[in-house]
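Here the structure is laid out as structure tokens; the discussion comes afterwards.
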Amino acid sequence: VSRCPAAWPVALVLLAWPAPPAGAADEIVIGMSAAFRGPSRGLGIELYRGARAWFDEVNRQGGVHGRKIRLVARDDGYDPAPAVANTLKLVNDDGAFLLFGYVGTPTTTRVLPLLERYKDESIYLFCPFTGAEPLRKGPYAGRVFNLRASYREETGGLVKHFVAIGRKRIAVFYQIDAYGRSGWDGVRIALGEKGLKMVGEATYRRGTRFAQSLKPQVEILRATSPDAIICVGSYAACAAFARDVRDAGWDVPIANVSFVGSENLLVLLERHGKQTSRDYTANLINSQVVPSYQRTKLPAVTLYRALMDKHRPEPPAELVEGTYQLVRYSFTSLEGFLDARLVVEVLRKLGKDPRRDQLRAAAEGLGELDLGLEQRVALGPARHQAMNEVYYTVVEKGEFVPLPDADWKRWRK
Amino acid sequence: MKRSRLFLRVLLTLVALFGAATVLSALLAAWLLSDTLHAQYRSKGEAIAHTIANASVDHLLLARDAASLQAMVDLYAETEGVGYILVQDRDGEVMAHTFVPEVPAELRQRRKAGSVESLRIPGEGVYLDVSAPILEGEIGRVHVGMRQDVIDAGYWRSVRRQSLAGGLIGLAAVVAAYLLARRITRPLEQLTAHARKVASLEKLYEPTSPVSAELAPIAERTDEIGQLAQAFRHMIGALTEREMCLTWAEQSLRLSERKFRSLIENVSDVVLLLNDKGEATYVSPSLRDLLDFSAKEWIDRDPTLLIHPDDRAAFREALASCLPVEVPEGSTSIVGESASVEVRMLRADGSLRIVDAALCNLRSDLAVKGVVVTLRDITDRKRTVELQQARDAAEEASRLKSQFLTNISHEIRTPMHHILGLTELALGTNLDEEQRDYLETTKSSAEGLLTILNDILDFSRIEAGRLEIETAPFRIRDLVGDAMKLMAARAHAKGLELPWEVSEDVPEVVVGDANRLRRVLLNLVGNGIKFTARGEVGVVVRREPAGTAGAGRCALRFLVRDTGIGIAAEKQQMIFEPFVQADGTLTRKYGGTGLGLAIARSLVELMGGKMGVQSKLDEGSVFHFTAIVEEGSEQDVPREAAPSPEGLQGLRALVVDDNATNGRILATLLRSWGVEPVVVDGGPAALRALDEADARGEKYQLILVDAQMPEMDGYTLAGKITARLEGAGTLVMLSSADRAAGAARCRELGLSGYLTKPVKPAELLAALLAARAGTAGSAGSAGRRGRDEGYGK
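Chains B and S supply the protein sequences, listed in that same order.
Read in order, the letters of the first sequence are residues 404 to 816 in the numbering used here.
Read in order, the letters of the second sequence are residues 117 to 909 in the numbering used here.
Next comes the structure, spelled out in structure tokens:
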């Protein structure tokens, strides 16, 4: 029967192997596909670390109803195709109870149809690291539970603030994919609401590195004489764009959305600034979907910082290549921490015997929840996004600090 | 190996053809493919555009979610060959696209829908822009740009692949063509090279390596090349055969030519070939031998000049005679008119040679075309004839001289006989002592003169070759006995014994020349007696070993031994020459003509035998000769009532003889008759023997006594014996002395018989038989003398 005798032992081992730990009584597997490699790996790694800080703490305290939470991560390199493949593996092989912390719009939007496909098995995605619209509206919105505000809310806020200070000529620099289009669309709609149109737009290709030149894009946008530029991209490309704008002697305010991973952006710009003895952090506004981790008066931030320091979560060793300098605190890891808190609350609501088919009901029945932020978060049948707050930050002394609304007028035109 | 031009041309043509075909087919295929690719990309672009257009309806109309639209666009933008995708709303506002860093101006302004056109975007390249309306253009439109460079790349890739494949096929074809062409051209080259080689060969056939063997591999092929090679081989074979025949013929011709040339040039005759003008067109080299002129010098010259002026006319006449008169046209030409003339020719040194010139007209013979003259030197032949004539004359003269001598001898002899006869008669008359003495002297001188005459006569006969050998049967023992008896008187006068014997194996009767044989024997015995002072002269006849003479014949060897003065070794051959004796002085001392031995040897040689001598000075000589005779039979020589020795059978005989040879011969004879002989050497011994016999009570029935013995002679002994025996035995006296006196004394003594020595066996037998019968008589007294030949002295 067997052409290869070696196949027999392998087959026996496979038969004897315990069934996927989905039904394991003492743990809950949470699957995560994100960029752990490539130009956007900082996002996946930091998001993972923040989440682990809370999961580790929960597990340390005995888990959820006695079940330990195990976060299984896979790398998709910020590419749609691996993200889809990872999702199938997480569900079928790893026995993920739910999906969590997906990073990126093009990746996540491609996964959405899969969730629909596994509708009967009640696969839900919790707290993806993207503000794209398809996760909040449209046919697949029911299968996703978000924590953060949408890109439209971020870009809409930015447009609102720029227009308020007289900077009505808004141009957009965006990643030419679903993510970039999502931010672009947000800006377009926000401007349209004010009866305005974006004055210029320029794109870049996903995966662009910091070392690459984006001067053509700078020239395209500069030709339209914008009052402000809103960037919808990843940190490496946005840092490169900011560098090339400043290198062109152009001090136009540049705004980035939360997905950029502010700390990663800052690291690149500061490092480059040191080499060229220039300050690339001026006139740089980053919108965030979580409060600044400097706001230590917030109980959530306090807890976050404490647990980050306490558990010092490491990125999954098997996924990280080369050296990666851990960021002690970051908006991204804080978001991951808050994501984890929300998911744990949902799991707690499922009781001792969690079942997937009860997941949606549990999440939608969560209601308002105090995570130690200024506002309470809430989930409900008509609300699959727990937060709507957008926070603005600028760089001061090498750190992102909150930008109070009153401070916007410094860029008044 | 140098490629032939044909091969190169074939190869190049094939390469060019294949190359052109390959390139053309590649271009054609690529052109077709270009169309196909274009159509394929166009339909692909249309499919994508329509798909996006259909899917965009919801996004644009309902959700107005640009991100979802972008996600879809991104998905399709990954399709191979798609350069860009652009989605515009009805106002022309771009809702999603794939351009970096911005949408090109060329596309931003486009409003046409449902079109396909080529679009060049600066800095981007050329695209096949396929547009599709969304909801019939009511909502917007989709532009899909299919990359022309991909289409072109596909086209060129296809061209490259086709070319590569075509090239490989072409290469394979070229290789195949090369091999094929080589397969065709190589044998052709070999054939060509071979033909060249054959053309350059001096000889086609080589026994060690036949030329055509090299073509065998090609000729084994079954295709046209093989047939060509076979044809070529056959041609070479035929050529070789023809050449061999030619060579053979040429060689035989050359051999034949050489043979005849050699014949002509090596005969002693000189061969000339004269043309119509009488000039020599060929002169054989033997002219050098004949006249000591170089043959070359006389080419194209008139050879008549070599002839003695007096003979030239004769030669020209002969030449003219062998030339036919002018023959009329059409008649058969006359071939081989010939003539011959004897001329004298001049040698280079001026001497003359007599030459026989034979002329033969061979002008009609195409190979000769002239008159062949053969010159033969007959000078020597002429000289020989002369010599022969001279010799004949001399011989005739010699013969006449011999004839004269014979005649003279005969004429002398007749009166000599008269002298002898009359002297004999005169001696019978009463004469006084003085007269008797004169007559005795006259008689002996006449006898000597007669002997000399006979010898001279014989010799002249022999010299003249007129002595002929007669053949007739005779009894050899009788012959030897008679001859010995003839010499007995002379021998006994000198006191010499003459013992003789003939071996038993010698036939009784032989056929030969008895007279000549006797003559030789008498001569030798006579010489022996002459040169022997005392002792004996013995004769032995033996038969030479069989096969010496031939079938039916036997060679008899005669030995004549004496105990005389002998002959010095250096003289031994000389003595057989005529008129020679061993010593000039001897001639005087012993007398004689010196012709005897010469005559004897000549006679022996006439009878097919040889004569020789063995001698030692002072010790005696042995002359020996052989004679070839035929064996005869008893009937040839009838003998009336040959006495039988039967009556003597078993008798005892006493032989008394002081000569041992005689005693031995007698004993042998007696034994052959069945008698038991006892030989004693003298009277006293005989008496003792008789006493001993008496003592034993025996008797000797026969007693043979030699008359002349020292101590006691035969007669004395006979007297004593007869006194004792009282006639009891038969006593025969053998005497070499005077017969008449002996016989008288025997009768006185009353002896049974008396025989003169040497005793012939027949005589002895007859005497013994007669004595036994009681009749005493002198049976052997008959003295048959030889015919007329005198001998010795």
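A virtual CB, placed ideally from N, CA and C, is assigned to each residue, including glycine.
- Task: List the residues of chain S that residue 607 of chain B touches, going by C-beta distances under 9 Å, in chain order.
- Result: 216, 217
- CB contact below 8 Å: residue 810 of chain B versus chain S: no
- Please confirm if the stretch 198 to 218 of chain S is in contact with the stretch 119 to 128 of chain S, defined as three or more CB-CB distances below 8 Å between the two stretches. no
- Should residue 537 of chain S go down as buried or exposed, given a rule of 16 or more other Cβ atoms within 10 Å for buried? exposed
- What first and last residue would you give for the alpha helix (DSSP H) that runs through residue 596 of chain B? 581 to 596
- Item | residue 599 of chain S versus residue 496 of chain S: straight-line alpha-carbon distance, rounded | 54 Å
- Item | Coil, strand or helix - residue 527 of chain B by DSSP | coil
- Message: Quick test of your reading: residue 686 of chain B and residue 654 of chain B, contact by CB under 8 Å. State the CB separation rounded to the nearest angstrom.
- Response: 6 Å
- Query: Using a beta-carbon distance cut-off of less than 9 Å, what residues from the stretch 496 to 513 of chain B approach chain S?
  - Reply: 508, 509, 512, 513
- Message: Using a Cβ distance threshold of 8 Å, determine whether the stretch 536 to 551 of chain B contacts the stretch 591 to 609 of chain B, with at least three qualifying pairs required.
- Response: no
- Query: Given that a residue counts as buried once 16 or more other Cβ atoms are within 10 Å of its Cβ, and exposed if not, what is residue 400 of chain S?
  - Reply: buried
- Query: In whole angstroms, what separates the C-alpha of residue 816 of chain B from that of residue 743 of chain B?
  - Reply: 42 Å
- Query: Using a Cβ-Cβ distance under 8 Å, would residue 615 of chain B count as near chain S?
  - Reply: no
- Using DSSP bridges, identify the partner residues of residue 820 of chain S. S:771, S:848
- Query: Interface residues of chain B around residue 190 of chain S at Cβ under 7 Å?
  - Reply: 509, 580, 581
- Message: I need the boundaries of the alpha helix (DSSP H) containing residue 558 of chain S, first residue and last residue.
- Response: 549 to 580
- Message: Out of S:402, S:597, S:771, which one is the CA nearest neighbour of residue 833 of chain S?
- Response: S:771
- Could you tell me the distance, in whole angstroms, from the CA atom of residue 288 of chain S to the CA atom of residue 134 of chain S? 10 Å
- To the nearest angstrom, report how far apart residue 483 of chain S and residue 581 of chain S are at their CA atoms. 57 Å
- Query: Near residue 668 of chain B, which residues of its chain fall below 7 Å by C-beta distance, leaving aside the five closest residues on each side in sequence?
  - Reply: 638, 641, 642, 659
- Query: Of all Cβ atoms in chain B, is any one closer than 8 Å to the Cβ of residue 182 of chain S?
  - Reply: yes
- Message: Give me, in chain order, the residues of the same chain whose beta-carbon lies closer than 7 Å to that of residue 695 of chain B; leave out the 5 immediate sequence neighbours on both sides.
- Response: 794, 796, 803, 804, 805
- Query: So is residue 549 of chain B buried or exposed if we call it buried at 16+ other beta carbons inside 10 Å?
  - Reply: buried
- Assumed close pair residue 243 of chain S, residue 237 of chain S - CB separation to whole angstroms, cut-off 8 Å: 6 Å
- Task: Taking only runs that begin and end inside the stretch 352 to 377 of chain S, name each unbroken alpha helix (DSSP H) of 4 or more residues, in chain order.
- Result: none
- Item | Own chain residues within Cβ distance below 7 Å of residue 578 of chain S, not counting five before or after | 715, 718
- Of all Cβ atoms in chain S, is any one closer than 8 Å to the Cβ of residue 541 of chain B? yes
- Message: Using the three-state DSSP reduction, which class does residue 653 of chain B fall into: helix, strand or coil?
- Response: coil
- Could you tell me which chain B residues have their CB closer than 9 Å to the CB of residue 204 of chain S, listed as they occur along the chain? Within 9 Å Cβ-Cβ: nothing; residue 204 of chain S doesn't reach chain B, min ~14 Å.
- residue 476 of chain B versus residue 525 of chain B - alpha carbon distance: 20 Å
- Query: Can a CB atom of chain B be found closer than 8 Å to the CB of residue 186 of chain S?
  - Reply: yes
- Query: Is residue 192 of chain S helix, strand or coil by DSSP?
  - Reply: helix
- Could you pull the start and end residues of the beta strand (DSSP E) that residue 200 of chain S belongs to? 198 to 205
- Query: Looking at the structure shown, is residue 419 of chain S part of a helix, part of a strand, or coil, going by DSSP?
  - Reply: helix
- Message: Spatial neighbours of residue 552 of chain S within its chain, please: C-beta separation below 7 Å, excluding the five flanking residues on both sides.
- Response: 543
- In whole angstroms, what is the alpha-carbon distance linking residue 776 of chain S and residue 518 of chain S? 48 Å
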